[in-house]
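Student:
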Amino acid sequence: MSLKPVRAALDIMIKAAVTETGEAIRFTTKDNNLYLMVLGKLSGSKIKVKEVFLDGEARLLADGSPVMIERDGDDMVLTFTRQLDHLFVPVVLIQSMR
Numbered sequence: 002m003s004l005k006p007v008r009a010a011l012d013i014m015i016k017a018a019v020t021e022t023g024e025a026i027r028f029t030t031k032d033n034n035l036y037l038m039v040l041g042k043l044s045g046s047k048i049k050v051k052e053v054f055l056d057g058e059a060r061l062l063a064d065g066s067p068v069m070i071e072r073d074g075d076d077m078v079l080t081f082t083r084q085l086d087h088l089f090v091p092v093v094l095i096q097s098m099r
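2 is the number of the first residue of the sequence shown in the working numbering; add one for each residue after it.
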């Protein structure tokens, strides 16, 4: 699978991707994986990324736990199996992007 279309889309998203509470989002890729980083210390078990949606299988890099990806209008909601209270800059690995 080529990541060229994904990289082009990411170039646009990187400039302004934020959570609904204002934390900046950054993306990077390696092989066929995309890494989504939330810059900041969060609480709760959900993150809504404004005006971005990516599809695939996701997991929290810190412990490998699954992360559910859902669409909410133009936004993406990431639901974690644990609270994010003790993580600074959580990283989500998204695989098998379609």
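Backbone N, C-alpha and C fix where the C-beta goes; we use that ideal spot for every residue, glycine too.
Can you check which of these residues, Asp73, Asp64, Leu79, Asn33, is closest to His87 by C-alpha distance?
Tutor: Nearest C-alpha to His87: Asp64.
Student: By how many angstroms is the C-alpha of Asp32 removed from the C-alpha of Gly45?
Tutor: Rounded to the nearest angstrom, the two C-alpha atoms are 30 Å apart.
Student: Quickly, what does DSSP pair Asp76 with across the bridge? List them, please.
Tutor: According to DSSP, which records beta bridges pairwise, Asp76 is partnered with Asp73.
Student: I'd like to know whether the C-beta atoms of Ala18 and Val50 end up nearer to each other than 8 Å.
Tutor: Result yes, Cβ atoms of Ala18 and Val50 sit closer than 8 Å.
Student: Can you check which of these residues, Leu35, Leu85, Arg83, Thr22, is closest to Phe54 by C-alpha distance?
Tutor: Selected option, being the one with the closest Cα: Leu35.
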